[in-house]
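Asker: Sharing a structure with you now.
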Amino acid sequence: MEMKTRLIFQRYLALLKMTRSLIQYGELYTGDVKRETPSRAGSEKTVSTAAAQSQFHTDLWLCFIVQNWILDFGRPIAMIIMPLEWFPLNKPSVGDYFHMAYNVITPFLLLKLIERSPTALPRSAVYLCIITFVMGASIHLVGDSINHRLILSGYQLHLSVRENPIIKDLKPASLIDSFELLYYYDEHLGHSMWYVPFFLILFLYFTGCFTQVKDEKMPYSGWLLLGPSAVYYWYLITEGQIFVLYVFTFFAMVATVMRQRRMGFVLDSNGRFLFYNFIITLGLVLVWVAYLWNDKVLRKKYPGIIYVPEPWSFYTLHIKGS
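Once you know that position 308 of the sequence shown is 821 in my numbering, the rest is easy, because the numbers rise by one and skip nothing.
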C-alpha cells in the first residue's frame, strides 16, 4: 500500500512538472506572439506612412498654386480693380488683407509639406526658417501697402525713388531719405527675409525626395499643375528680384541630384515636380530678359551684370500709359 501510494505521488509530481512546463511554454509562445504583433503592426504602419509620404502631394501643390496666384500675384491686381471708396487710402486695402492671409497660409502649407517629407529634416532649421519667413513677409506687407498708395498718387515703378516726380521735389530733403529707407525695407530686407527661408525650406524638402524605386514617375495631375506653378515662380523671381538666390538654389538641387544618383537614388514624383518647376522657370526668366534686353529705360533702373526687370515696372512703363 505504501509502495502504491509513493508511486501515485511520484506520478502526480511528474504530472505537475509536465503541466508547469506546458504552461510556461504556452506563456512564452503567447508572449512572443503578443510581442511580435505590435512590432508587426508598427512596421506595417511605418510602411503605410512611408508609402503615403512618397505619393504625389496633389492637394498640397494645388493649394500652393491657388493661394500663390490669388493672394500674391492677384494682390496688386485686386488693389487696382477695387474702387477707392471701398478701401480709403488711410485704411488697409484689399491687397493688404490678401497679404495678411498669405502670411498665415503659406507657413502652414510649408509646415504640412515638411511633415510629409519621406525623411526626417532638421526641425530647428525648419522652425527658424518659418519664423524668419513670417517676419520678412510682414515687413514686406507694410512697405508694399505704402508703395501701392504711392502708385495711386503717381509714383512710377520704372524710376528710382529720387527720380520719381512726386518725390524728387519733397521738402525737407530728408523726406526723400525716408522714402528710400522704406524702399530698402520693402524691396531688399523684406524680400531677403521672405524668400531666403522660403527657398531654403523647399531645398530641405527636396533633399528628402529620393528613392531607389526606378520607375516612380510624376502623375498626370503633376504635369497639369506644372505650368501654372512655373509661371508663378517666374513672377516670384522677376518681381522679387531674387534671381541670384534662385540660381544658387537650382545649382544646389542639381548637385544633390548628381550626388544621389552616384549612390543609386533617383527623384520621387514630388522631387521631380520641384525640379521640373525650377527648369521651366529658368527658361521663362531667360525669355523675359531676352525680350527686354534693349529697353533703355529699364536698363537704367536695373544696372549691372544681372538684368532682370520687374513685371510691374514693365506695366507702369509700357502698358499703364497706353
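Note that CB positions come from ideal geometry on N, CA and C, so glycine has one too. Quantities reported herein were computed from a predicted structural model and do not represent experimental measurements.
Tell me the rounded alpha-carbon separation between residue 675 and residue 720.
Answerer: Going by the C-alpha atoms only, they are around 44 Å apart.
Asker: Would you kindly work out how many angstroms separate the C-alpha atoms of residue 753 and residue 692, rounded to a whole number?
Answerer: Those two C-alpha atoms are separated by around 19 Å.
Asker: Quick check: what's the CA-CA separation for residue 636 versus residue 666?
Answerer: Using only the alpha carbons, I get a separation of about 45 Å.
Asker: Can you look up residue 738 in the DSSP assignment and give me helix, strand or coil?
Answerer: Correct three-state label for residue 738: helix.
Asker: Please list, in chain order, all residues of the same chain as residue 742 whose beta carbon is under 6 Å from its beta carbon, the five residues on each side excluded.
Answerer: These residues qualify, in order along the chain: 578 and 790.
Asker: Could you check which residue in 638, 571, 771 and 663 has the C-alpha nearest to that of residue 712?
Answerer: Checked all of 638, 571, 771 and 663; the closest Cα to residue 712 is 638.
Asker: Between the alpha carbons of residue 680 and residue 821, how many angstroms are there, rounded?
Answerer: In a straight line, the C-alpha of residue 680 is about 25 Å away from that of residue 821.
Asker: For the alpha helix (DSSP H) holding residue 813, just list the boundary residues, first then last.
Answerer: Unbroken alpha helix (DSSP H) run through residue 813: 809–814.
Asker: As a quick exercise: from 795, 785, 748 and 811, pick the residue whose alpha carbon is nearest that of residue 589.
Answerer: Nearest option by C-alpha distance: 748.
Asker: Helix, strand or coil for residue 597, going by three-state DSSP, please let me know.
Answerer: In this structure, residue 597 counts as coil in the three-state DSSP scheme.
Asker: Roughly how many whole angstroms lie between the Cα atoms of residue 730 and residue 785?
Answerer: When rounded, the distance between both Cα atoms is 8 Å.
Asker: If we count the other Cβ atoms within 10 Å of its Cβ and call it buried at 16 or more, is residue 776 buried or exposed?
Answerer: When all chains shown are included, residue 776 counts as exposed.
Asker: Excluding the 5 residues preceding and the 5 following residue 659 in the sequence, name in chain order all residues of the same chain whose CB lies nearer than 7 Å to its CB.
Answerer: Same-chain partners within the cutoff: 695.
Asker: Between which two residues does the alpha helix (DSSP H) carrying residue 650 extend?
Answerer: 636–665 is the span of the alpha helix (DSSP H), which, as asked, contains residue 650.
Asker: Answer yes if the stretch 589–599 comes into contact with the stretch 621–630, meaning at least three C-beta pairs across the two stretches below 8 Å, and no otherwise.
Answerer: These segments do not touch.
Asker: Quick one: grab the DSSP three-state call for residue 612.
Answerer: It is helical.
Asker: Residue range of the alpha helix (DSSP H) that residue 574 falls in?
Answerer: Taken as a continuous stretch (DSSP letters only), the alpha helix (DSSP H) holding residue 574 covers 571–580.
Asker: CB-CB under 6 Å to residue 705, same chain, minus the five flanking residues each way: which ones, in chain order?
Answerer: Answer for residue 705: no residue qualifies.
Asker: Going by C-alpha to C-alpha distance, which of 733, 740 and 756 sits closest to residue 709?
Answerer: When each option's Cα is compared against that of residue 709, the closest is 756.
Asker: Bridge partners for residue 724 per DSSP, in chain order?
Answerer: DSSP, once it has assigned bridges, lists 779 as partnering residue 724.
Asker: Measuring straight from C-alpha to C-alpha, what distance separates residue 565 and residue 655?
Answerer: Only weak support is given to the placement of residue 565: the predicted model assigns it a pLDDT of 46, under 50, and the value that follows is read from those uncertain coordinates. Distance between the alpha carbons of residue 565 and residue 655 is about 40 Å.
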